[in-house]
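J.: Just passing along the structure, written as structure tokens.
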Amino acid sequence: MNSVFIAAGTVDISPRRPAILGGYERRTASFKSIADPLEANVLQIEGDHQRATIVSTDLLYPGQTLRSLLLGSLALREDELFLSASHTHYAPMTAPGMPLLGMVDDQYVDQIAERISTLSKSLEMRRQRCSGTYHEGLLNHSMNRRLAHLRLTSSGFSRAVGMGPNLAGERDERARVLKFVDSSSRPLAIVWNYACHASDFFDSLQVSAAFPGRVRKRLRSELGAIPVLFLQGFSGDVRPPFTGLSPDIKSLAKRVLRGPQFKNAPSRREWEGWSGNLADCVAAIARSLAAPLQLREPVTRRIDVPEKAYVVEGDGSKSLCWHFVDCGGFRIAGINAEPVVRYRRVLDDTVDGRPLLTAGCLDQTHCYLPVDEMLGQRGYEVEGFRRIFGFPGRFRAHLEVPIVRALSDAIA
Numbered sequence: 004m005n006s007v008f009i010a011a012g013t014v015d016i017s018p019r020r021p022a023i024l025g026g027y028e029r030r031t032a033s034f035k036s037i038a039d040p041l042e043a044n045v046l047q048i049e050g051d052h053q054r055a056t057i058v059s060t061d062l063l064y065p066g067q068t069l070r071s072l073l074l075g076s077l078a079l080r081e082d083e084l085f086l087s088a089s090h091t092h093y094a095p096m097t098a099p100g101m102p103l104l105g106m107v108d109d110q111y112v113d114q115i116a117e118r119i120s121t122l123s124k125s126l127e128m129r130r131q132r133c134s135g136t137y138h139e140g141l142l143n144h145s146m147n148r149r150l151a152h153l154r155l156t157s158s159g160f161s162r163a164v165g166m167g168p169n170l171a172g173e174r175d176e177r178a179r180v181l182k183f184v185d186s187s188s189r190p191l192a193i194v195w196n197y198a199c200h201a202s203d204f205f206d207s208l209q210v211s212a213a214f215p216g217r218v219r220k221r222l223r224s225e226l227g228a229i230p231v232l233f234l235q236g237f238s239g240d241v242r243p244p245f246t247g248l249s250p251d252i253k254s255l256a257k258r259v260l261r262g263p264q265f266k267n268a269p270s271r272r273e274w275e276g277w278s279g280n281l282a283d284c285v286a287a288i289a290r291s292l293a294a295p296l297q298l299r300e301p302v303t304r305r306i307d308v309p310e311k312a313y314v315v316e317g318d319g320s321k322s323l324c325w326h327f328v329d330c331g332g333f334r335i336a337g338i339n340a341e342p343v344v345r346y347r348r349v350l351d352d353t354v355d356g357r358p359l360l361t362a363g364c365l366d367q368t369h370c371y372l373p374v375d376e377m378l379g380q381r382g383y384e385v386e387g388f389r390r391i392f393g394f395p396g397r398f399r400a401h402l403e404v405p406i407v408r409a410l411s412d413a414i415a
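As numbered in the numbering used here, residues 4 to 415 make up the sequence shown, in order.
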């Protein structure tokens with residue numbers, strides 16, 4: 004194995020002036036306070052000839068502008084910058100072209116790029132040899148949100164798929180943790196991966212990293228003030244399990260007309276109880292029996308999926324891109340979309356058994372990614388998202404084939 008060096012760091016990217024938070028169409032007022040800081044956490048991995056920079060940001064989506072600024076400032080090749088978002092719905096919008104999800108403040112994007120660039124450049128002289136371990140365990144903290152139920156539609160009441168708590172629906176409750184330590188076993192950085200929308204917080208007008216921030220704080224309470232990178236798993240159809248009626252007439256009407264619903268927002272007590280328990284469970288997994296990783300210098304690839312391969316009637320601007328990082332003992336595969344949970348299982352069936360972390364919400368995220376059987380069922384992940392995402396195309400039949408084949412061919 005080649006010598007592998009890492010360096011890691013953290014920078015605060017909380018907004019410093021008023022902004023509308025991204026993620027919800029009907030949220031039109033600026034945030035009123037900061038509940039907990041937004042961060043960018045950076046991990047640089049370098050061997051004798053290859054390098055990779057992995058950046059995890061507390062944002063809804065990073066956006067193409069931020070990616071371009073970082074590539075230029077850091078003089079990285081496209082495949083050397085793995086840029087992901089935690090998908091918190093409580094940060095200012097940074098991805099252009101989706102005004103219904105939030106207007107972009109260009110100055111804020113510039114500030115984030117500057118802060119991440121400054122941090123990344125400072126890490127270049129701090130790289131050190133490391134070893135790594137892999138930890139894995141089961142959680143029980145998400146819920147499927149695609150529910151077939153009797154609903155009021157344009158043609159009257161009929162059984163249709165829509166948003167609602169589906170206790171029997173698919174989830175991916177496996178949490179995956181990478182821990183890097185120095186020669187004296189001192190923790191250097193953590194990367195953790197879990198599939199759940201970071202879409203719930205008790206106050207829609209407060210800035211928050213949501214549950215990834217709560218887990219980060221818990222891990223640091225045990226391991227010290229180290230960088231903690233979160234990779235948002237394939238969570239297009241799962242979210243936190245806050246169900247029941249919100250205390251308003253509109254929510255009651257939705258329950259009558261559309262079936263069981265998720266709450267508009269959990270109470271503070273509900274959110275703190277759920278996120279605190281999640282954080283405790285992830286911390287326990289990070290302490291669990293470790294599998295040592297045989298690390299090698301990173302091999303990185305970006306694999307395009309042309310828009311016409313998975314969409315009809317598109318505008319030509321929504322090509323997808325898999326980003327693959329292979330460090331021997333572990334691999335990371337991400338895409339600029341929000342794949343549903345099933346895609347994790349599909350990938351597991353096509354690759355070998357080495358640890359694989361999977362992430363959506365990379366770069367300029369374009370769409371949800373349903374699986375084939377969902378196309379006839381319709382629902383938000385197939386059609387409902389298109390208007391607010393500015394996504395004019397419609398998914399092709401058998402879209403799984405070009406999506407998965409692009410990555411599996413590259414991995415093989």
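Backbone N, C-alpha and C fix where the C-beta goes; we use that ideal spot for every residue, glycine too.
Within the chosen definition, does the segment 170-182 reach the segment 263-271 through at least 3 CB pairs nearer than 8 Å?
T.: no
J.: Anyone know if the C-beta pair for Y64 and Q297 falls short of 8 Å?
T.: Here residue 64 is taken as the residue at index 61 of the sequence shown, counted from 1. Here residue 297 is taken as the residue at index 294 of the sequence shown, counted from 1. With contacts defined by Cβ atoms closer than 8 Å, Y64 and Q297 do not form a contacting pair.
J.: Please state if the CB of A198 and the CB of V58 are separated by a distance shorter than 8 Å.
T.: Residue numbering aside, residue 58 sits at position 55 when the sequence shown is read from its first letter. Residue numbering aside, residue 198 sits at position 195 when the sequence shown is read from its first letter. Result no, Cβ atoms of V58 and A198 do not sit closer than 8 Å.
J.: Would you mind listing the alpha helix (DSSP H) stretches within the segment 356-401 that are 4+ residues and don't spill past its ends, in chain order?
T.: List check, alpha helix (DSSP H) in window: 375-378, 389-392.
J.: Can you check DSSP and say which residues form a bridge with Y418?
T.: There is no way to answer for residue 418, as the model of the chain reaches only from 4 to 415.
J.: Going by other Cβ atoms of all chains shown within 10 Å of its Cβ, with 16 needed for buried, is V404 buried or exposed?
T.: If you number the sequence shown from 1, residue 404 lands on position 401. Exposed is the call here.
J.: For the 8 Å Cβ check, are there 3 or more pairs between the segment 371-386 and the segment 141-154?
T.: yes
J.: From L73 to T60, what does the alpha carbon distance come to, in whole angstroms?
T.: Within the sequence shown, residue 73 is the residue found at index 70, counting from 1. Within the sequence shown, residue 60 is the residue found at index 57, counting from 1. Roughly 13 Å separates the two Cα atoms.
J.: For D113, is the classification buried or exposed, using 16 other Cβ atoms within 10 angstroms of its Cβ as the cut-off for buried?
T.: The residue given as residue 113 occupies position 110 in the sequence shown. Classification of D113: exposed, given that the 10 Å Cβ count is below 16.
J.: Would you mind sorting P22 into buried or exposed? The rule is 16 or more other CB atoms within 10 Å of its CB.
T.: For the purposes of this step, residue 22 is taken as residue 19 along the sequence shown, with counting starting at 1. First, the amino acid is wrong: residue 22 is Ala here, not Pro. A22 is buried by the Cβ-count criterion.
J.: By a C-beta neighbour count over all protein chains shown, 10 Å radius and 16 as the cutoff for buried, is V315 buried or exposed?
T.: Against the sequence shown, residue 315 aligns to sequence position 312. Exposed, since its Cβ has fewer than 16 Cβ neighbours within 10 Å.
J.: Which one or two residues does DSSP pair with T303 in a beta bridge?
T.: Stepping through the sequence shown from its first residue, residue 303 is reached at position 300. According to DSSP, T303 bridges with V328.
J.: By the three-class DSSP mapping on this structure, what secondary structure does I16 have?
T.: Translated into the one-based positions of the sequence shown, residue 16 becomes position 13. Three-state DSSP puts I16 in coil, outside helix and strand.
J.: Count Cβ pairs between the segment 339-359 and the segment 211-229 that sit closer than 8 Å; are there 3 or more?
T.: no
J.: So, helix, strand or coil for S123, using DSSP?
T.: To locate residue 123, count along the sequence shown from 1; it is residue 120. Looking at S123 - three-state DSSP - the assignment turns out to be helix.
J.: Where does I391 land, buried or exposed, given buried means 16+ other C-beta within 10 angstroms?
T.: As a working note, residue 391 is residue 388 in the sequence shown. I391 is exposed by the Cβ-count criterion.
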